[in-house]
Amino acid sequence: MSRIILINGKKQSKLSVSNRLVQFGDGLFETCLVVNGKLILAEQHFQRLEKGAERLQINPVKRSVWLKDISKAVSLSKFDRAVVKIILSRGESERGYGFEKNIESTRLVIVSEEPKLPKDYDLSLCDSGYSVNQLLAEIKHCNRLEQILARTNLQAQDCIMLDPQGQVISVSQGNIFAVKNGVLLTPSLDQCGIEGTRRQVIIGLAKAHKISVEVCNLNVLELLECDEIFITNSVIGIKPIRKINEKSYSRHTTTNQLIKLFESHISRRKNSITLKPKKRLSKFIALLVFSLLLAWSFWANNINTVSNVIYQVPQGASIHSTANDLKRYGLVNSSLFVLWAAKLSAVDTQLKSGYYDVSPEMSVWRLLKDFSTANVATRNISLIEGKTVREYHQLLSNNKALTSNYSLQKTLEKTTAKPPYEGYFWPDTYRVNYGDSVVSVFNRAHSILQENLNKAWSNRAENHPLASADQALILASLIEKETANSAEKPKISGVLINRLKKNMRLQTDSTVVYALGDAYTGKLNKKSLWVKSPYNTYRNKGLPPGAISSVGQDSLTAAMHPLKTDYLFFVAKKNGTHAFAKTYKQHLINIKKHLK
Numbered sequence: 022m023s024r025i026i027l028i029n030g031k032k033q034s035k036l037s038v039s040n041r042l043v044q045f046g047d048g049l050f051e052t053c054l055v056v057n058g059k060l061i062l063a064e065q066h067f068q069r070l071e072k073g074a075e076r077l078q079i080n081p082v083k084r085s086v087w088l089k090d091i092s093k094a095v096s097l098s099k100f101d102r103a104v105v106k107i108i109l110s111r112g113e114s115e116r117g118y119g120f121e122k123n124i125e126s127t128r129l130v131i132v133s134e135e136p137k138l139p140k141d142y143d144l145s146l147c148d149s150g151y152s153v154n155q156l157l158a159e160i161k162h163c164n165r166l167e168q169i170l171a172r173t174n175l176q177a178q179d180c181i182m183l184d185p186q187g188q189v190i191s192v193s194q195g196n197i198f199a200v201k202n203g204v205l206l207t208p209s210l211d212q213c214g215i216e217g218t219r220r221q222v223i224i225g226l227a228k229a230h231k232i233s234v235e236v237c238n239l240n241v242l243e244l245l246e247c248d249e250i251f252i253t254n255s256v257i258g259i260k261p262i263r264k265i266n267e268k269s270y271s272r273h274t275t276t277n278q279l280i281k282l283f284e285s286h287i288s289r290r291k292n293s294i295t296l297k298p299k300k301r302l303s304k305f306i307a308l309l310v311f312s313l314l315l316a317w318s319f320w321a322n323n324i325n326t327v328s329n330v331i332y333q334v335p336q337g338a339s340i341h342s343t344a345n346d347l348k349r350y351g352l353v354n355s356s357l358f359v360l361w362a363a364k365l366s367a368v369d370t371q372l373k374s375g376y377y378d379v380s381p382e383m384s385v386w387r388l389l390k391d392f393s394t395a396n397v398a399t400r401n402i403s404l405i406e407g408k409t410v411r412e413y414h415q416l417l418s419n420n421k422a423l424t425s426n427y428s429l430q431k432t433l434e435k436t437t438a439k440p441p442y443e444g445y446f447w448p449d450t451y452r453v454n455y456g457d458s459v460v461s462v463f464n465r466a467h468s469i470l471q472e473n474l475n476k477a478w479s480n481r482a483e484n485h486p487l488a489s490a491d492q493a494l495i496l497a498s499l500i501e502k503e504t505a506n507s508a509e510k511p512k513i514s515g516v517l518i519n520r521l522k523k524n525m526r527l528q529t530d531s532t533v534v535y536a537l538g539d540a541y542t543g544k545l546n547k548k549s550l551w552v553k554s555p556y557n558t559y560r561n562k563g564l565p566p567g568a569i570s571s572v573g574q575d576s577l578t579a580a581m582h583p584l585k586t587d588y589l590f591f592v593a594k595k596n597g598t599h600a601f602a603k604t605y606k607q608h609l610i611n612i613k614k615h616l617k
């Protein structure tokens with residue numbers, strides 16, 4: 022594979038012409054070796070780079086950023102052994118040597134495959150050498166014209182570079198060492214040259230193993246007279262010199278000793294940094310795990326029911342007990358998912374007791390939201406006008422949404438109503454919470470009845486003949502049972518009021534039916550009309566002692582506003598309306614006409 026180039030962490034190879042690296046060579050670089058994912062002598066490279074940045078006043082880049090870039094580039098290259106060149110440019114600016122202090126630096130990483138290297142090297146003298154500049158000495162700046170000129174007419178594998186005084190400084194691509202009488206010699210670099218990362222390590226290893234070291238001035242003749250010569254850099258490591266011009270060197274005892282010491286040194290974990298490569302397999306595994314987790318989440322988020330069911334969260338239930346219950350009842354696929362979803366949505370401590378609807382189209386997330394917001398199951402329950410409290414009690418007790426533990430009498434005693442209870446519960450459609458009691462529905466119906474009755478009584482017709490709202494309620498119940506025709510109700514109310522004023526028996530069949538109770542067979546006969554009961558208006562004058570059913574708004578209004586007429590009688594027609602008569606004679610004619 023060809024080399025990999027990253028500029029500011031992105032794979033690219035084009036650098037702006039405004040970059041000072043292009044214009045002036047204004048930057049620093051390090052050439053490093055990576056072996057099997059380990060950056061050799063990383064600490065020394067970073068120290069020298071940071072030293073150079075401080076000296077040249079280039080804004081530094083954090084080591085973590087460099088390591089991330091290097092890891093990415095090495096991973097992309099797929100080289101087991103790679104040469105990594107990192108370049109720190111001062112950044113971009115307009116033409117001219119001056120620069121702003123806050124200029125943003127540019128970082129480059131270039132990765133190439135490690136070249137094949139010879140076992141030893143031949144040297145010659147370079148055509149040109151170093152100039153002296155203490156500010157540039159020791160650091161690895163990007164202005165390498167001295168090395169380029171030195172290698173113009175290169176006649177060996179590398180050449181020896183001298184300073185203006187003719188002193189040996191280095192070879193063009195590394196540092197140089199010599200051994201004379203067991204003493205390790207290396208040129209001083211305080212005026213020019215580059216202090217290599219391997220040079221520091223070699224000097225330290227030599228001293229640690231009792232090899233004398235001397236950093237000194239060394240001319241060419243003195244170098245040639247040495248017993249051994251070797252060169253170093255970050256790519257070649259330590260390489261013995263076989264020949265300089267016509268002078269050969271066959272002795273490499275100290276050199277080989279230092280090679281072994283150096284290889285042992287860099288193999289230690291502390292002397293390298295393990296890069297974290299961009300592992301494609303890891304990404305694939307992570308993506309696979311994520312996909313499986315996502316699929317599992319979709320599966321676990323489903324509610325397992327084909328029809329609506331009710332689930333109860335008991336008082337004091339925890340999220341753990343609730344999750345286990347849902348799993349045990351088969352409503353969810355995973356109790357773990359319920360716990361996880363509750364924790365993520367912060368509802369694990371927000372559960373509200375109650376009964377909840379669970380439907381096939383719901384999700385676990387939606388159900389948990391209902392649990393936390395007390396969005397309990399509700400039902401509509403309709404109490405129809407004209408029904409008795411016994412019928413209401415039976416209707417409510419048979420409704421699965423309501424709790425009922427009492428008989429009719431016990432239930433009525435627990436309500437806020439007072440006896441007689443009949444008629445004192447308003448017919449309407451009530452929205453109830455699943456699990457509400459029958460008593461609670463009766464109480465709501467009674468409260469609304471009282472409110473409507475009081476309001477209707479306060480708005481009754483002027484000079485109303487009845488003495489109380491309770492009497493008006495009884496009258497309204499008779500009207501309710503006598504006709505379903507709202508338009509006729511005020512007229513029937515007027516007939517009943519006229520009969521009360523004349524002290525006539527009301528003689529309404531509905532009171533007989535009420536009086537018979539369970540004995541009523543669906544049809545009245547002459548015997549039935551004389552059943553003994555205070556509610557039987559065929560036997561007793563005036564209103565019955567209580568209402569005989571619940572009343573609707575039309576019947577209540579009619580009772581409060583009876584139509585003023587001379588009618589005293591009415592009989593039902595087959596079409597549901599009534600024929601009214603002022604006299605008994607006319608009434609008999611109506612009976613014959615409509616009932617026979």
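The letter at position 548 of the sequence shown is residue 569 when you use the numbering used here, and the numbering goes up by one with no holes. Built from N, CA and C at the ideal position, the CB exists for glycine as well. Just so we're clear, the structure is a prediction, and the values are computed from it rather than from any experiment.
For residue 284, is the classification buried or exposed, using 16 other Cβ atoms within 10 angstroms of its Cβ as the cut-off for buried?
As a first step, residue 284 must be located in the sequence shown, where it is residue number 263. A residue is called buried once 16 or more other Cβ atoms fall within 10 Å of its Cβ, and residue 284, having fewer, is exposed.
Beta-carbon proximity of residue 48 to residue 54, cut-off 7 Å:
Here the question's residue 48 lines up with position 27 in the sequence shown. Here the question's residue 54 lines up with position 33 in the sequence shown. The beta carbons of residue 48 and residue 54 sit no closer together than 7 Å.
Would you call the region 497-517 and the region 577-595 touching, i.e. three or more CB-CB distances under 8 Å?
The region 497-517 makes contact with the region 577-595; the number of CB pairs closer than 8 Å reaches 3 or more.
Would you check if the distance between the CB atom of residue 108 and the CB atom of residue 129 is smaller than 7 Å?
Taking the first residue of the sequence shown as position 1, residue 108 is located at position 87. Taking the first residue of the sequence shown as position 1, residue 129 is located at position 108. With respect to the 7 Å criterion, residue 108 and residue 129 are classified as neighbours on the basis of their beta carbons.
Residue environment, residue 546, which counts as buried when at least 16 other CB atoms sit within 10 Å:
The residue you call residue 546 lines up with position 525 of the sequence shown. Exposed, because fewer than 16 other Cβ atoms sit within 10 Å of the Cβ of residue 546.
Going by DSSP, what residue range makes up the alpha helix (DSSP H) through residue 255?
By one-based count along the sequence shown, residue 255 stands at place 234. Here residue 255 belongs to no alpha helix (DSSP H), and DSSP marks it neither H nor E.
List the residues that DSSP assigns as beta-bridge partners of residue 67.
Position 46 of the sequence shown, counted from the first residue, corresponds to residue 67. None; residue 67 has no bridge partner.
Residue range of the beta strand (DSSP E) that residue 235 falls in?
Residue mapping note: residue 235 aligns to position 214 of the sequence shown, counting from 1. Here the beta strand (DSSP E) through residue 235 covers 233-237.
When we look at the beta-carbon of residue 223 and count the other beta-carbons within 10 Å, is it buried (16 or more) or exposed?
Here residue 223 is taken as the residue at index 202 of the sequence shown, counted from 1. That one is buried.
What first and last residue would you give for the alpha helix (DSSP H) that runs through residue 375?
As a first step, residue 375 must be located in the sequence shown, where it is residue number 354. Per DSSP, residue 375 belongs to no alpha helix (DSSP H); it is in the beta strand (DSSP E), 375-379.
Assuming contact is defined by CB atoms lying nearer than 7 Å, are residue 262 and residue 151 in contact in what I supplied?
Here residue 262 refers to the residue found at position 241 when the sequence shown is read from its first residue. Here residue 151 refers to the residue found at position 130 when the sequence shown is read from its first residue. Result no, Cβ atoms of residue 262 and residue 151 do not sit closer than 7 Å.
Please confirm if the region 403-412 is in contact with the region 434-447, defined as three or more CB-CB distances below 8 Å between the two stretches.
Judged by Cβ distances under 8 Å, the region 403-412 makes contact with the region 434-447, as three or more pairs qualify.
Quick one: Cα of residue 204 to Cα of residue 276, how far?
Start at 1 with the first residue of the sequence shown, and residue 204 comes out as number 183. Start at 1 with the first residue of the sequence shown, and residue 276 comes out as number 255. Roughly 12 Å separates the two Cα atoms.
Roughly how many angstroms separate the alpha carbons of residue 24 and residue 101, rounded to a whole number?
Position 3 of the sequence shown, counted from the first residue, corresponds to residue 24. Position 80 of the sequence shown, counted from the first residue, corresponds to residue 101. Distance from the CA of residue 24 to the CA of residue 101, rounded to the nearest whole angstrom, comes to 13 Å.
With respect to the beta strand (DSSP E) encompassing residue 296, which residues constitute its N-terminal and C-terminal limits?
The sequence position of residue 296 within the sequence shown is 275, counting from 1. From DSSP, residue 296 is part of no beta strand (DSSP E); its letter is neither H nor E.
What residues in its chain sit with their C-beta under 6 Å from that of residue 234, if we drop five residues either side in the sequence?
The residue given as residue 234 occupies position 213 in the sequence shown. Excluding sequence neighbours, residue 234 sits near 205, 224, 227 and 228.
Are at least three pairs of beta-carbons, each pair with one atom in the region 363-376 and one in the region 336-354, less than 8 Å apart?
Counting Cβ pairs under 8 Å, three or more are found: they touch.
Quick test of the definition: if touching needs 3 or more C-beta pairs under 8 Å, does the region 418-436 touch the region 475-488?
No: fewer than three Cβ pairs fall under 8 Å.
Alpha carbon to alpha carbon, how far is residue 114 from residue 250? Give it in angstroms, no decimals.
Here residue 250 refers to the residue found at position 229 of the sequence shown. Here residue 114 refers to the residue found at position 93 of the sequence shown. Roughly 44 Å between the two C-alpha positions.
Backbone secondary structure at residue 403 - three-state DSSP:
Here residue 403 corresponds to residue number 382 of the sequence shown, with the count starting at 1. Note: residue 403 maps to strand in three-state DSSP.
Assuming residue 582 is part of the beta strand (DSSP E), what are its boundary residues?
Position 561 of the sequence shown, counting from 1, holds the residue named residue 582. Run containing residue 582: none; DSSP gives neither H nor E here.
Using a 10 Å radius around the Cβ and a threshold of 16 neighbouring Cβ atoms, would you call residue 557 buried or exposed?
In the sequence shown, counting from the first residue as 1, residue 557 sits at position 536. By the C-beta density criterion, residue 557 is buried, having at least 16 other C-beta atoms within 10 angstroms.
Using three-state DSSP, classify residue 480 as helix, strand or coil.
Locating residue 480 in the sequence shown gives position 459, where the first residue counts as 1. Residue state, collapsed to three classes: coil.
What is the C-beta distance between residue 321 and residue 355, in whole angstroms, given that I count them as a contact (C-beta under 8 Å)?
Taking the sequence shown and counting its residues from 1, one reaches residue 321 at position 300. Taking the sequence shown and counting its residues from 1, one reaches residue 355 at position 334. About 4 Å separates the two Cβ atoms, so the contact holds.
Take residue 80 and list the residues in its own chain whose beta-carbon comes closer than 6 Å to its own, dropping the five residues that flank it on each side.
Within the sequence shown, the letter at position 59 stands for residue 80. Annotation for residue 80: 126 place their beta carbon closer than 6 Å to its own, counting only its chain and skipping 5 residues before and after.
Suppose you measure from the CA of residue 86 to the CA of residue 348; what does that come to, to the nearest Å?
On the sequence shown, residue 86 is found 65 positions in, with the first residue counted as 1. On the sequence shown, residue 348 is found 327 positions in, with the first residue counted as 1. So the two alpha carbons sit approximately 48 Å from each other.
What distance in whole Å lies between the Cβ atoms of residue 493 and residue 478, which are believed to be in contact at a cut-off of 8 Å?
Residue mapping note: residue 478 aligns to position 457 of the sequence shown, counting from 1. Residue mapping note: residue 493 aligns to position 472 of the sequence shown, counting from 1. The Cβ separation is near 6 Å, so the contact holds.
Environment of residue 111 [buried if 16+ CB atoms lie within 10 Å]
Indexing the sequence shown from 1 puts residue 111 at position 90. If you draw a 10 Å sphere on the C-beta of residue 111, you find 16 or more other C-beta atoms in it, and that means buried.
Please say whether residue 353 and residue 359 have beta carbons closer to each other than 7 Å?
Residue 359 sits at position 338 when you count from the first residue of the sequence shown. Residue 353 sits at position 332 when you count from the first residue of the sequence shown. For the 7 Å CB-CB criterion, residue 359 and residue 353 form a contact.
C-alpha distance - residue 318 paired with residue 217, whole-angstrom precision:
Residue 318 sits at position 297 when you count from the first residue of the sequence shown. Residue 217 sits at position 196 when you count from the first residue of the sequence shown. Between residue 318 and residue 217, the C-alpha separation is close to 56 Å.
Using a Cβ distance threshold of 8 Å, determine whether the region 511-522 contacts the region 588-600, with at least three qualifying pairs required.
Yes, since at least three Cβ pairs between the region 511-522 and the region 588-600 fall closer than 8 Å, the two stretches touch.
Nearest residue (CA-CA) to residue 231, options 462, 279, 186 and 196
To locate residue 231, count along the sequence shown from 1; it is residue 210. The shortest C-alpha to C-alpha distance from residue 231 to any of 462, 279, 186 and 196 is the one to 279.
Could you tell me how far apart the beta carbons of residue 443 and residue 568 are, in whole angstroms, since I believe they sit closer than 8 Å?
What you label residue 443 is simply residue 422 of the sequence shown in a count that begins at 1. What you label residue 568 is simply residue 547 of the sequence shown in a count that begins at 1. With 8 Å as the limit, residue 443 and residue 568 qualify as a contact, their Cβ atoms being about 5 Å apart.
Which of the three DSSP states, helix, strand or coil, is assigned to residue 124?
Along the sequence shown, read from residue 1 onward, the residue named residue 124 stands at position 103. Note: residue 124 maps to coil in three-state DSSP.
Taking the straight line between their C-alpha atoms, what separation do you get for residue 183 and residue 308?
The count along the sequence shown starts at 1 and reaches residue 183 at position 162. The count along the sequence shown starts at 1 and reaches residue 308 at position 287. If I take the Cα positions, the gap works out to 58 Å.
May I have the straight-line CA-CA distance separating residue 98 from residue 357, to the nearest angstrom?
Reading the sequence shown from its first residue, position 77 is the one you call residue 98. Reading the sequence shown from its first residue, position 336 is the one you call residue 357. Taking the straight line joining both Cα atoms gives about 43 Å.
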